[in-house]
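Okay, so the sequence shown: first residue is 10 according to this note's numbering, each after it adds one. The beta-carbon is built from N, C-alpha and C at its ideal position, and this holds for glycine as well. Written below as structure tokens is the structure these notes are about.
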Amino acid sequence: MKSLEIKPIGTVVGGRTEVTDDQWSGTAIIRLNPDFPVEVVQGLEEFSHLLVVWHFHLATPADVALHARSPRNNPQWPATGTFAHRNHRRPNQLAQSFPRLLKVDGLDLHVEDLDAVDGTPVYDIAPYFKEMGPRGEVHEPAWPKEMLTNYWADHRD
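So this is what it looks like as structure tokens:
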């Protein structure tokens, strides 16, 4: 298998400063590489949401867990494998988020509801196309809904 070396295209500025399980509402800026021409974001302001790929940079390789475990170590939820979770225990420690794009200011993308902390390296962004979202009925077990009840709650409450 061939490996891939990628460099960050930007950094999260502002927003949350510490990692927690819940209360990820709020605003932040994705500051793109200043060496990029401003044309890289031309037309982006016409989209409501982005797809953002970022790295769990505060995690370590020792955090990777290649086994089944209960989400958030809650025994009320079934043990599920690494790829049934969306956390930093994944092999490449990459994540994707779908924040609302509030404004484009030069190479600063002002976003809302980005679940990454200040200083997070961003590896890719793209506009969210509804037409490329899931086709057909989406189904999942009950535990994600139970677990994520307060995920987007206001962190200032």
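{"Asked": "Among residues of its own chain, excluding the 5 on either side of Ala-74, which ones have a beta-carbon nearer than 8 angstroms to its beta-carbon?", "Found": "Thr-91 and Arg-98"}
{"Asked": "Considering only C-alpha positions, which residue in the set Ala-125, Arg-40, Lys-112 and Pro-84 is nearest to Arg-95?", "Found": "Ala-125"}
{"Asked": "Given a cut-off of 8 angstroms, decide if Gly-35 and Asp-127 are closer than it, judged by their beta-carbon atoms.", "Found": "no"}
{"Asked": "Hey, Asp-189 and Ile-38: beta-carbon distance below 8 angstroms or not?", "Found": "Beyond the ends of the chain as shown, which are 10 and 166, falls residue 189; an answer cannot be given."}
{"Asked": "Should Phe-138 go down as buried or exposed, given a rule of 16 or more other Cβ atoms within 10 Å for buried?", "Found": "exposed"}
{"Asked": "Rounded to a whole number of angstroms, what is the C-alpha to C-alpha distance between Asn-101 and Thr-20?", "Found": "18 angstroms"}
{"Asked": "Taking a contact to mean a Cβ-Cβ separation below 8 angstroms, would you say His-58 touches Thr-129 in this structure?", "Found": "no"}
{"Asked": "Keeping to the same chain, check which residues put their C-beta closer than 7 angstroms to that of Asp-166; ignore five residues upstream and five downstream.", "Found": "Here the model assigns Asp-166 a pLDDT of 49, short of 50, so the residue's position is not dependable, and the following value carries that caveat. There are no such residues."}
{"Asked": "Should Val-131 go down as buried or exposed, given a rule of 16 or more other Cβ atoms within 10 Å for buried?", "Found": "buried"}
{"Asked": "Is it right to say Leu-7 is buried, meaning 16 or more other beta carbons lie within 10 angstroms of its own, or is it exposed?", "Found": "As shown, the chain starts at 10 and ends at 166. That puts residue 7 outside it, with no answer to give."}
{"Asked": "Can you tell me which of the three DSSP states Arg-144 falls into?", "Found": "coil"}
{"Asked": "Give the DSSP bridge partners of Asp-127, in chain order.", "Found": "Bridge partners of Asp-127: none, in fact."}
{"Asked": "Taking DSSP as the reference, what is the three-state secondary structure of Trp-86?", "Found": "coil"}
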